[in-house]
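Undergrad:
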Amino acid sequence: MNRDYLDKLLQSKKYRDVCPDTVRRVWAACEAKYKKPKDADKAAREALHGITGAFLTPADAAACADSLRDWAVLERPDALLAEALRRHASTRERLPLRAMDALYGRIFDITGKPARVLDLACGINPIYLGARGHDVTGVDISAAAVGLVNGFAASCGAPVRAVCADLLCDGGIPDKRYDVALMLKLLPLLERQRSGAAARAMDAVNAAFIVASFPTRTLGGRNVGMAAHYADWMAAHLSAARSVAGTFETENELYFILEESRHESVPTQGSVL
Ligand SMILES: C[S@@+](CC[C@H](N)C(=O)[O-])C[C@H]1O[C@@H](n2cnc3c(N)ncnc32)[C@H](O)[C@@H]1O
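Here you go:
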């Protein structure tokens, strides 16, 4: 492994917010693919840019922290919570808060009210769930998102926590048991990072229910048949260990609620008298 290039990537201001395991994983894949370290470096930077995207800019993270601080010291007004959630591209799309309340109402009608939620590639979504009283563990490669979730928990005592980890690295998906695992707008991202990773991640989750969502509109807001595409994808990739307990579409997302398949009890063989 070329330590010089890797060290430069790890120390780069651009990626200091990204989980170091992700930087190492991407560098190793690019180094294996390209003969010249320079080409590997260029490819690694492009890949890292694609993974980290612009879900949460530093300015938005700072503004989010300000709103959450005010929310905790004032009377926890919904307007400030919405202001904070607006700062991440994914939670912004689910606002207003009454739409988020309706969304989770719909999900929990199917799963039952969960005692423990796992939120994989969480962004700042655990802040919404924590503000509504849910116990949530989040995982994300963005140190900024993880810092906001943990800062929020520290400021108001909400039962949420987040860890900075990569779902494609060993130990990235917690093996503890959860009632519901959220994989919101995640599976296409994982598949882009490593072929076959989305289905493997679903198989690795230890939860009674998985809630997976897919975007149904392009970044420009157009509806170009993405819902049908992802419905086909799910039908092709769902393992025998899970079945669909419910599916619905909101304005921007297609949701699947997957439950563990019930195994038919094997009939006892014996005398038929
Ligand atoms: C489209 S956003 C979705 C955020 C959140 N699930 C939601 O829907 O509100 C994708 C998130 O996945 C995270 N992410 C991307 N690749 C990841 C990986 N390999 N492991 C953990 N998190 C990842 C990004 O940092 C980003 O926060």
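Residue numbers (our numbering): 3 to 275. Even glycine gets a Cβ: it sits at the ideal position worked out from N, Cα and C.
Relative to the C-alpha of ALA243, which residue among ASN254, HIS51, GLY222 and ALA209 is closest?
TA: Here residue 243 refers to the residue found at position 241 of the sequence shown. If we check each option's Cα against that of ALA243, ALA209 comes out closest.
Undergrad: Please state whether DSSP places VAL20 in a helix, a strand or coil.
TA: The count along the sequence shown starts at 1 and reaches residue 20 at position 18. DSSP places VAL20 in strand when its eight states are reduced to three.
Undergrad: List the residues that DSSP assigns as beta-bridge partners of THR252.
TA: On the sequence shown, position 250 is the one that residue 252 refers to. THR252 is not bridged to any residue.
Undergrad: Could you check whether GLY140 and PHE154 sit closer than 8 Å to each other, using their CB atoms as the reference points?
TA: Locating residue 154 in the sequence shown gives position 152, counting from the first residue. Locating residue 140 in the sequence shown gives position 138, counting from the first residue. Cβ atoms of PHE154 and GLY140: not closer than 8 Å.
Undergrad: Closer than 6 Å by C-beta to LEU8: which residues in its own chain qualify, once you throw out the five before and the five after it? Chain order, please.
TA: Counted from its first residue, the sequence shown places residue 8 at position 6. Around LEU8: TRP29.
Undergrad: Hey, ALA199 and LEU192: beta-carbon distance below 8 Å or not?
TA: In the sequence shown, residue 199 corresponds to position 197, counting from 1. In the sequence shown, residue 192 corresponds to position 190, counting from 1. The answer is yes: Cβ separation under 8 Å.
Undergrad: Please indicate yes or no: does the CB of LYS187 lie closer than 7 Å to some heavy atom of ligand 1?
TA: Taking the sequence shown and counting its residues from 1, the one referred to as residue 187 is at position 185. True, at least one ligand heavy atom lies under 7 Å from that Cβ.
Undergrad: Check whether the Cβ atoms of LEU58 and GLY149 lie closer than 8 Å to each other.
TA: In the sequence shown, counting from the first residue as 1, residue 58 sits at position 56. In the sequence shown, counting from the first residue as 1, residue 149 sits at position 147. Cβ distance not < 8 Å, so LEU58 and GLY149 don't count as in contact.
Undergrad: Tell me whether PHE57 sits in a helix, a strand or coil according to DSSP, three-state version.
TA: Counting from one through the sequence shown, the residue named residue 57 turns up at place 55. Coil, per DSSP.
Undergrad: Give a yes or no on whether the C-beta atoms belonging to GLU95 and ASN254 are separated by under 8 Å.
TA: Numbered from 1 along the sequence shown, position 93 holds the residue referred to as residue 95. Numbered from 1 along the sequence shown, position 252 holds the residue referred to as residue 254. Cβ distance < 8 Å, so GLU95 and ASN254 count as in contact.
Undergrad: Starting from SER92 and walking both ways along the alpha helix (DSSP H), at which residues does that stretch end?
TA: Working through the sequence shown from its first residue, we reach residue 92 at position 90. Unbroken alpha helix (DSSP H) run through SER92: 91 to 94.
Undergrad: I think ALA214 touches MET185, with their Cβ atoms under 8 Å apart; what is that distance to the nearest whole Å?
TA: Reading the sequence shown from its first residue, position 212 is the one you call residue 214. Reading the sequence shown from its first residue, position 183 is the one you call residue 185. Confirmed, about 4 Å.
Undergrad: Where do the ends of the beta strand (DSSP E) carrying TYR180 lie?
TA: Numbered from its first residue, the sequence shown carries residue 180 at position 178. Per DSSP, TYR180 belongs to the beta strand (DSSP E) from 180 to 186.
Undergrad: Look at SER157 and ALA74 and say whether their C-beta atoms are less than 8 Å apart.
TA: Residue numbering aside, residue 157 sits at position 155 when the sequence shown is read from its first letter. Residue numbering aside, residue 74 sits at position 72 when the sequence shown is read from its first letter. Yes, these two residues count as a Cβ contact at 8 Å.
Undergrad: By how many angstroms is the C-alpha of ARG89 removed from the C-alpha of ARG78?
TA: Mapped onto the sequence shown, residue 78 falls at position 76. Mapped onto the sequence shown, residue 89 falls at position 87. Answer to the nearest angstrom: the Cα atoms are 18 Å apart.
Undergrad: Apart from the five residues on each side of it in sequence, which residues of its chain come closer than 7 Å, Cβ to Cβ, to PRO217?
TA: The sequence position of residue 217 within the sequence shown is 215, counting from 1. Correct list, in chain order: LYS187, MET228, ASN254 and GLU255.
Undergrad: Looking at ligand 1, does it come within less than 7 Å of LEU72, judged from the CB to the closest heavy atom?
TA: Locating residue 72 in the sequence shown gives position 70, counting from the first residue. The displayed chain sequence assigns Asp, not Leu, to residue 72. For ligand 1, not one heavy atom lies less than 7 Å from the Cβ of ASP72.
Undergrad: Given a cut-off of 8 Å, decide if ASP72 and LEU87 are closer than it, judged by their beta-carbon atoms.
TA: By 1-based counting over the sequence shown, the position of residue 87 is 85. By 1-based counting over the sequence shown, the position of residue 72 is 70. No, the Cβ-Cβ distance between LEU87 and ASP72 is not below 8 Å.
Undergrad: Any heavy atom of ligand 1 closer than 7 Å to the Cβ of ASN127?
TA: The sequence position of residue 127 within the sequence shown is 125, counting from 1. ASN127 Cβ: within cutoff of ligand 1.
Undergrad: Within 7 Å: the Cβ of GLY174 and any heavy atom of ligand 1?
TA: For this step, residue 174 is matched to residue 172 along the sequence shown. Yes, Cβ of GLY174 sits closer than 7 Å to a heavy atom of ligand 1.
Undergrad: Measure the CB-CB distance between ILE129 and LEU70 and report whether it falls below 8 Å.
TA: If you number the sequence shown from 1, residue 129 lands on position 127. If you number the sequence shown from 1, residue 70 lands on position 68. Yes, the Cβ-Cβ distance between ILE129 and LEU70 is below 8 Å.
Undergrad: Quick one, are the C-beta atoms of ALA49 and LYS35 less than 8 Å apart?
TA: Here residue 49 refers to the residue found at position 47 when the sequence shown is read from its first residue. Here residue 35 refers to the residue found at position 33 when the sequence shown is read from its first residue. Not in contact: ALA49 and LYS35 (Cβ atoms no closer than 8 Å).
Undergrad: Quick check on HIS51: buried or exposed, where buried means 16 or more other Cβ atoms within 10 Å of its Cβ?
TA: Position 49 of the sequence shown, counting from 1, holds the residue named residue 51. It is exposed - the Cβ of HIS51 has fewer than 16 other Cβ atoms within 10 Å.
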